[in-house]
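Novice: Residue numbers (UniProt numbering): 1 to 184.
Where is the CB? At the ideal position from N, CA and C, for every residue including glycine.
(1) Residue 108 by DSSP, collapsed to three states: which one?
(2) With residue 234 and residue 97 assumed to form a contact (beta carbons below 8 angstroms), what rounded beta-carbon distance in angstroms separates them?
(3) CB residue 148 to CB residue 22, shorter than 8 angstroms?
(4) What three-state label does DSSP hand residue 177 in the structure shown?
(5) Using alpha carbons as the reference points, say which of 146, 83 and 165 lies closest to residue 116.
(6) Under a Cβ-count criterion, where at least 16 other Cβ atoms within 10 Å of its own Cβ denotes burial, should residue 54 be classed as buried or exposed?
(7) Assuming residue 19 contacts residue 150 under a Cβ cut-off of 8 angstroms, what Cβ separation, rounded to an integer in Å, is found between them?
Right, here's the structure in full:
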């Protein structure tokens, strides 16, 4: 089994990245091979709306999204992480999601094998745990459209400095357990 993490934060070792890694560490403990992509480090151009992908299984743009498509097709489980920046997922994650349009048939049926597992993680500085529930719920719906079984969403709140999530030992443990049980 393989689990791939997509970290949509520009901060390596930031709170979202730490949570993505916790889930991946749990998956590794359970015997999965793991890999992590830092979307911010990838050369991903925005969707051009050319509709090339409507007639061909793939995208016309030749960039690092090709590696992401391969991972999305080949892996069995995923960890998607994005903090909230200005009331929404980061621009990096949003662009990644937009480019996943190429993984849908013209009838909007997913080209990915159904039943892949997913965990969503994130972070925001607001002290209200539910402040951005709708953003993560929408992201979950997108993943479900691709036939993924979303196993849980884990969001750190109220922290701003990179790595502060480690103070939230309960959430850190929940994220790790989610990784160990991603295929349950």
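Specialist: So, to answer that:
(1) Correct three-state label for residue 108: coil.
(2) The chain is shown only over 1 to 184; residue 234 falls outside these bounds and no answer can be derived.
(3) With a cutoff of 8 angstroms on beta-carbon distance, residue 148 and residue 22 are scored as not near each other.
(4) Reduced to three states, the DSSP call for residue 177 is helix.
(5) Nearest neighbour of residue 116 by Cα position, chosen from 146, 83 and 165, turns out to be 146.
(6) Of the other Cβ atoms in all chains shown, fewer than 16 fall within 10 Å of the Cβ of residue 54; this residue is therefore exposed.
(7) About 15 angstroms; that fails the 8 angstroms criterion.
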